[in-house]
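Residue numbers (our numbering): 712 to 843. Glycine included, every Cβ here is placed at the ideal spot set by N, Cα and C. Report on one structure; see the data block that follows.
Written as structure tokens, this is what we have:
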């Protein structure tokens, strides 16, 4: 996790290639497995540990979305967006996790706005959602 967050702040010639390789190797899928961990009761001794892991995983997804390249878009499963949107709506989730999920979705939309020439690659268009 520290690798993704720390490198995202520094301009590094090799970092985009490294991040691309990590995404293609399944980094987002791995982070989604962590996001989907069931949060135990607050009284449980692992609550803080699981909460922190979920927060870190969403932060990792956020950093990946902020630095996404065109060739890596195809490695992002559309279920990621549904899961992040569900996290935002789930009031049982910690506030920090909800907030980071919202920021991650905004980062995706901003990245797509910067990457796409004419065709729409926003979450809504990819999922077939149309505004009425």
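Looking only at 759, 786, 792, the smallest Cα-Cα distance to residue 807 is reached by 759. The alpha-carbon separation between residue 779 and residue 795 amounts to approximately 17 Å.
The segment 739-746 makes contact with the segment 773-790: 3 or more CB pairs, one atom from each, lie closer than 8 Å.
If you draw a straight line from the Cα of residue 725 to the Cα of residue 755, it is about 42 Å long.
The Cβ-Cβ distance between residue 812 and residue 777 does not fall below 8 Å.
A residue is called buried when at least 16 other Cβ atoms come within 10 angstroms of its Cβ; residue 728 does not meet this threshold and is exposed. Per DSSP, reduced to three states, the secondary structure at residue 803 is coil, with no helix or strand assignment. With a cutoff of 8 Å on beta-carbon distance, residue 783 and residue 734 are scored as near each other. From the listed residues 739, 752, 753, the smallest Cα separation to residue 770 is found for 739. Assignment of residue 789 by DSSP, reduced to helix, strand and coil, places it in the coil class.
For residue 780, no alpha helix (DSSP H) segment is defined, and its DSSP state is neither H nor E. The DSSP-derived three-state label of residue 752 is coil. The three-state reading of DSSP puts residue 747 in coil, since its state is none of H, G, I, E or B. With contacts defined by Cβ atoms closer than 8 Å, residue 774 and residue 748 do not form a contacting pair.
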